[in-house]
Amino acid sequence: MTKTERYKHILQYFEQHNPDAETELYYENPYELLVAVILSAQCTDKRVNLTTPAFFKKFPTSKKLAKAEFDDVFPLIKSISYPNNKAKHLIGMAQKLETNFNGEVPSDIDDLQTLPGVGRKTANVIASVIFNQPTMAVDTHVFRVSARLGLVTNAKTPLQTEQQLMKFIPKEKVHIAHHWLILHGRYVCLARSPKCNDCGLQQWCKYFATIDAVEK
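So, in structure tokens, the structure goes:
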């Protein structure tokens, strides 16, 4: 099977079985998604969604958050991983949004990465989800799933994974393919105990081929 064929079959499967895949983070506008994605680093979406309602009630806009002190923010996110750093990043992000971007979340990847707490992955999420740009955010799920399926080869970094995926996924499908890979990793292709017997991608998966051969 060629890599092109593998991509074709896997993308077709996802299209048929999860045509409306989207982020599981709760948000109402670009500012709220940006806050949620910053909070989600090394933290579950479920925990973030439990935390953000109270946060957005107190800081409904970047303008209000930009005026906050550390002690105003920290108690609201203390159940999130790395709350000290994230509290500082959120305030800094809001201040820069107000100062440099008139309170508007920018659509440009490079502009987004100038914001505190925003790396390439977060910038790609915002560009994809909010602005429908063909950007591929590579988190731990995308990194693991794309390697196991055989969509990428010898990728050592998230950037290498992103570059390989972008070569084969049609531009119009990159936006949703990001969610397909994340959700598959979150619920089926688990890190420690992948649910291979429940997976509909067995016949195209390199990882399954190796464990199937061992069992035989």
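Under numbering that gives the first Met the number 0, think of the first position of the sequence shown as 0, with each following residue one higher. Idealized CB from N, CA, C, for every residue including glycine. Predicted model only: the values in this text are computed from it and were never measured.
- prompt: Where does residue 2 fall in DSSP's three states?
  reply: Looking at residue 2 - three-state DSSP - the assignment turns out to be helix.
task: State the CB to CB distance for the pair residue 97 and residue 62, rounded to an integer number of angstroms; the pair is presumed to be in contact (CB under 8 Å).
output: With a contact defined as Cβ atoms closer than 8 Å, residue 97 and residue 62 qualify at about 6 Å.
field: Where the alpha helix (DSSP H) containing residue 179 begins and where it ends
entry: That run of the alpha helix (DSSP H) goes 170 to 186.
query: Alpha carbon to alpha carbon, how far is residue 50 from residue 32?
result: Between residue 50 and residue 32, the C-alpha separation is close to 13 Å.
query: Using a C-beta cutoff of 7 Å, does residue 54 count as contacting chain C?
result: The chain labelled as chain C is not found in the depicted structure, where only one protein chain is given.
Inter-residue Cα distance where the pair is residue 172 and residue 181: So the two alpha carbons sit approximately 14 Å from each other.
- prompt: Short check: CB of residue 127 to CB of residue 177, under 7 Å?
  reply: For the 7 Å CB-CB criterion, residue 127 and residue 177 form a contact.
C-alpha gap between residue 114 and residue 210, whole angstroms: Distance between the alpha carbons of residue 114 and residue 210 is about 43 Å.
task: Less than 8 Å between the CB atoms is what I'm expecting for residue 141 and residue 156, so what's the real figure, rounded?
output: The C-beta distance from residue 141 to residue 156 rounds to 12 Å, too long to fall under 8 Å, and the pair is not in contact.
field: Whole-number beta carbon distance between residue 147 and residue 188, since they are thought to touch under 8 Å
entry: 6 Å between Cβ atoms; contact.
message: Quick check: the Cα distance between residue 138 and residue 66, rounded to an integer number of angstroms?
response: Going by C-alpha positions, residue 138 is about 31 Å away from residue 66.
task: Rounded to whole angstroms, what's the CA-CA distance from residue 15 to residue 123? Just pull it up for me.
output: Roughly 25 Å between the two C-alpha positions.
- prompt: Under 7 Å between the Cβ atoms of residue 35 and residue 26?
  reply: Yes, these two residues count as a Cβ contact at 7 Å.
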